[in-house]
Amino acid sequence: MNGQLKISASFLLILSLLLASCASGAVSPGRIEMRITDHREAIGDFDRLDITIERVGVHPASAARTAGWMDFEPDTAAVDLTQVLDGRTAAILEAELPAGEYDAVRLHVASGAGDLKTGEAVTLPGFEQAVRVPFAVRADAVVGIVIDLIVESEDDHPGGGYEINILNAAVD
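With the working numbering applied, the sequence shown closes on residue 182, and no number is skipped along the way.
Take a look at the structure:
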């Protein structure tokens, strides 16, 4: 009987260790796929407009507005905006994220350079902008975010030129 008691105690110990490891609260991460598209505006003035993306970020909903950003180096750093019109997109990031709620994305573009249809070469200033887009990342799932950029003509402003901004972002 003493042997059976030892076996039962060993079994209970192993069972409790297994249950404790299952209840540790470890949650599998999810994945985010970010793509960009361009809103048809002044992009029609260009034969080519390449932007260089330095980083992209996501913001956890539980963090203070100015803190907690999770920044990533893009998988694709150069995109020709003339090629991502009319529903076409370019993938810029696929990354693992902790499961949870997020409320914004941000894009840091170092610069833009292109050729106008007139043959003139132009350089556009870089920018860093965030846009609100609530989304949830679920364990072992993928969420897609599409960031819609807009190229605007500044011809009616002193100095003229062009500027790139984020128009909006949406869960895809």
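Ideal Cβ placement from N, Cα and C applies to all residues, glycine included.
Name the residue from the options whose alpha carbon lies nearest to the alpha carbon of residue i.
i: Gly67; options: Gly78, Ala101, Asp57; result: Gly78
i: Asp166; options: Ala52, Glu43, Asp48, Pro39; result: Ala52
i: Val132; options: Ala179, Glu173, Pro39; result: Glu173
i: Val37; options: Asp158, Leu159, Val147; result: Val147
Please report the residue range of the beta strand (DSSP E) in which residue i lies.
i: Asp113; result: 110-126
i: Leu184; result: The displayed coordinates of the chain run from 11 to 182. Any statement about residue 184 would go beyond what the structure contains.
i: Val147; result: 131-147
i: Ala100; result: 100-107
i: Asp81; result: 80-82
Using the Cβ count rule (16 or more neighbours within 10 Å means buried), how would you classify residue i?
i: Ala33; result: Confidence at Ala33 is low in this model, with a pLDDT of 44, below 50, so the placement of that residue should be treated as unreliable; the coordinate-derived value is given next. Exposed.
i: Thr99; result: buried
i: Val156; result: buried
i: Asp150; result: exposed
i: Gly124; result: buried
i: Arg142; result: exposed
i: Arg8; result: The requested residue 8 does not occur in the structure, where the chain is confined to residues 11 to 182.
For residue i, list the residues DSSP reports as bridge partners.
i: Thr47; result: Asp158
i: His167; result: Answer by DSSP bridge pairing: none, since His167 is not bridged.
i: Asp90; result: Asp60
i: Val152; result: Arg41
i: Gly67; result: Asp81, Arg116
By how many angstroms is the C-alpha of residue j removed from the C-alpha of residue i?
i: Ser163; j: Glu111; result: 36 Å
i: Ala120; j: Glu83; result: 12 Å
i: Val115; j: Asn175; result: 13 Å
i: Gly122; j: Thr76; result: 26 Å
i: Ser72; j: Asp113; result: 9 Å
i: Val94; j: Asp48; result: 6 Å
i: Leu29; j: Arg58; result: A caution first: Leu29 carries a pLDDT of 44, below 50, which makes its placement in the model too unreliable to give a value.
i: Ala87; j: His118; result: 10 Å
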